[in-house]
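Numbering (the UniProt record's numbering), first residue to last: 1 to 449.
Every residue, glycine too, gets a C-beta built ideally from N, C-alpha and C.
Values in this document were obtained by computation on a predicted structure and should not be read as measured data.
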């Protein structure tokens, strides 16, 4: 035992002894005769020394036991401790890992998921053989979102170069919440701030186009007044940004929604000061639902020529390729897979051979993303001008798409059973839960608003 430990042990023994003496009667407290005092003192000294030794031994044993326990715990800790795991390095996607995209002058793609970061949209587009794509730049159902991460911006630009995508073929979609045509000034301003934030994100990424829904009167003003609100918001946004082209989407036509005909689109453009900063995106399902027929060569040419006269092809900056679940002029926005809805595959064949539509993003927003690769492949086949149009077998190609839809679609019986089970029972006429509107996922201010 070291001198320091020995000294500590003796001090501890003295303290213990003192405590014992205070709680027990000592010899001094007992009556003694004078002739026995010398023996008493001697006895006290021997007893005290004996007690000190005994207590010292006890304290020493405790100290040694404590040290042994400490050593044992330290040894155990060292044994249990694990080495930190090495982080697995992320493998950067390579174009070599994806299908080769055929050369096609009609830039066909889809609205791609950007889950995990905006840079993820690029390999997701490459996976389905897309030559163009749309994406959301933030959560489309929240007013405020965190800024883009610098690392995501860098990765997005790097992947755009690596995969060979053209920024002119990227058409981001605006927030579902925005209504810059709202007559309520406070609500319109809230929409404007969200709208402007998206344009600024486009500029951070180097994207030159931005697609949005024009909005709604919400039943509280005239269409003309609401269109003026849209144009004024666009003028403000153009002054606050440098180059992004704001692309107005045509809508299907029910309720108070703006942009359901070519005249309304032309009125918006007329009030925008910088005409180089505004464009139009034609959604084929919306076009058909609002009353413009495109199913035969004759009516397709009539509709597109009318667009040229009333709006102008110089403003056409994108298309949304969707078939329709509902008939012509239904005023309902219900997207269907290409060729198996009420529009039919031949109408899309006219587009794939229309020289005026070359080089602009043509984005699928059809159900079942698992079918997009097949739809793109079929449309690119139609666009191959080396094959005469009258030799194209539209029925066979439609069957190919339909087979893919059946392969990935949920079983209707199971879906219907689940919906019936989840629907709450009412307690009388009109007391049941109001059924949710069958809104198309793509439409924010849909035609039911």
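Short Cβ contact (8 Å threshold) for residue i with residue j
{"i": "residue 199", "j": "residue 247", "result": "no"}
{"i": "residue 387", "j": "residue 347", "result": "no"}
{"i": "residue 364", "j": "residue 375", "result": "yes"}
{"i": "residue 312", "j": "residue 323", "result": "no"}
{"i": "residue 350", "j": "residue 307", "result": "no"}
{"i": "residue 136", "j": "residue 109", "result": "no"}
{"i": "residue 398", "j": "residue 345", "result": "yes"}
{"i": "residue 533", "j": "residue 290", "result": "For residue 533 there is no data in the structure shown, the boundaries of the chain being 1 and 449."}
{"i": "residue 283", "j": "residue 250", "result": "yes"}
{"i": "residue 118", "j": "residue 152", "result": "yes"}
{"i": "residue 389", "j": "residue 353", "result": "yes"}
{"i": "residue 98", "j": "residue 123", "result": "yes"}
{"i": "residue 337", "j": "residue 281", "result": "no"}
{"i": "residue 271", "j": "residue 228", "result": "yes"}
C-alpha gap between residue i and residue j, whole angstroms
{"i": "residue 95", "j": "residue 277", "result": "33 Å"}
{"i": "residue 78", "j": "residue 173", "result": "Residue placement at residue 78 is poorly supported in this model, since its pLDDT is 49, which falls under 50; the coordinates are not used for a value here."}
{"i": "residue 93", "j": "residue 373", "result": "19 Å"}
{"i": "residue 226", "j": "residue 393", "result": "46 Å"}
{"i": "residue 189", "j": "residue 101", "result": "43 Å"}
{"i": "residue 193", "j": "residue 237", "result": "9 Å"}
{"i": "residue 126", "j": "residue 385", "result": "23 Å"}
{"i": "residue 235", "j": "residue 410", "result": "45 Å"}
{"i": "residue 275", "j": "residue 298", "result": "31 Å"}
{"i": "residue 371", "j": "residue 230", "result": "36 Å"}
{"i": "residue 413", "j": "residue 296", "result": "With a pLDDT of only 46 at residue 413, under the threshold of 50, the placement of this residue in the model should not be trusted; the figure read from the coordinates follows. So the two alpha carbons sit approximately 35 Å from each other."}
{"i": "residue 408", "j": "residue 368", "result": "7 Å"}
{"i": "residue 208", "j": "residue 167", "result": "7 Å"}
{"i": "residue 72", "j": "residue 147", "result": "Residue placement at residue 72 is poorly supported in this model, since its pLDDT is 46, which falls under 50; the coordinates still yield a value, given next. Near 52 Å, if we compare the C-alpha coordinates of residue 147 and residue 72."}
{"i": "residue 279", "j": "residue 319", "result": "11 Å"}
{"i": "residue 447", "j": "residue 221", "result": "Any reading at residue 447 must be qualified, since the residue scores a pLDDT of 42, below 50, and its modelled position is unreliable; the value itself is stated next. Between residue 447 and residue 221, the C-alpha separation is close to 17 Å."}
{"i": "residue 287", "j": "residue 303", "result": "9 Å"}
{"i": "residue 196", "j": "residue 257", "result": "21 Å"}
{"i": "residue 158", "j": "residue 233", "result": "33 Å"}
{"i": "residue 330", "j": "residue 400", "result": "27 Å"}
{"i": "residue 269", "j": "residue 315", "result": "9 Å"}
{"i": "residue 176", "j": "residue 328", "result": "25 Å"}
{"i": "residue 396", "j": "residue 366", "result": "20 Å"}
{"i": "residue 163", "j": "residue 121", "result": "11 Å"}
{"i": "residue 165", "j": "residue 239", "result": "28 Å"}
{"i": "residue 285", "j": "residue 321", "result": "7 Å"}
{"i": "residue 116", "j": "residue 191", "result": "26 Å"}
{"i": "residue 183", "j": "residue 380", "result": "43 Å"}
{"i": "residue 301", "j": "residue 343", "result": "15 Å"}
{"i": "residue 332", "j": "residue 161", "result": "40 Å"}
{"i": "residue 179", "j": "residue 201", "result": "19 Å"}
Contacting residues, own chain, Cβ-Cβ under 7 Å from residue i (five flanking each side not counted)
{"i": "residue 358", "result": "105, 106"}
{"i": "residue 266", "result": "310, 311"}
{"i": "residue 128", "result": "110, 372, 373, 376"}
With 16 other Cβ atoms within 10 Å as the buried cut-off, status of residue i
{"i": "residue 317", "result": "buried"}
{"i": "residue 139", "result": "exposed"}
{"i": "residue 325", "result": "buried"}
{"i": "residue 186", "result": "exposed"}
{"i": "residue 459", "result": "No answer is possible for residue 459: it lies beyond the span of the chain, which begins at 1 and ends at 449."}
{"i": "residue 361", "result": "buried"}
{"i": "residue 406", "result": "exposed"}
{"i": "residue 103", "result": "exposed"}
{"i": "residue 91", "result": "exposed"}
{"i": "residue 113", "result": "exposed"}
{"i": "residue 181", "result": "buried"}
{"i": "residue 451", "result": "The requested residue 451 does not occur in the structure, where the chain is confined to residues 1 to 449."}
{"i": "residue 356", "result": "exposed"}
{"i": "residue 383", "result": "buried"}
Residues of its chain near residue i, where Cβ-Cβ distance is below 8 Å and the 5 sequence neighbours each way are ignored
{"i": "residue 203", "result": "241, 242, 243, 244"}
{"i": "residue 69", "result": "For residue 69, the predicted structure reports a pLDDT of 47, less than 50, and the residue's modelled location is therefore unreliable. The matter cannot be settled from this model."}
{"i": "residue 224", "result": "267"}
{"i": "residue 205", "result": "118, 137, 148, 153, 156, 157"}
{"i": "residue 130", "result": "101, 108, 109, 110, 112, 372, 376"}
Cβ neighbours of residue i in the same chain (closer than 6 Å, five flanking residues each side left out)
{"i": "residue 404", "result": "371, 374"}
{"i": "residue 169", "result": "107, 132, 361"}
{"i": "residue 292", "result": "303"}
{"i": "residue 402", "result": "340"}
Proximity test, Cβ basis, 8 Å: residue i and chain B
{"i": "residue 144", "result": "In the displayed structure, chain B is absent; only one protein chain is listed."}
- Task: Specify whether the stretch 143-151 and the stretch 215-222 touch according to this definition: at least 3 beta carbon pairs, one from each stretch, less than 8 Å apart.
- Result: no
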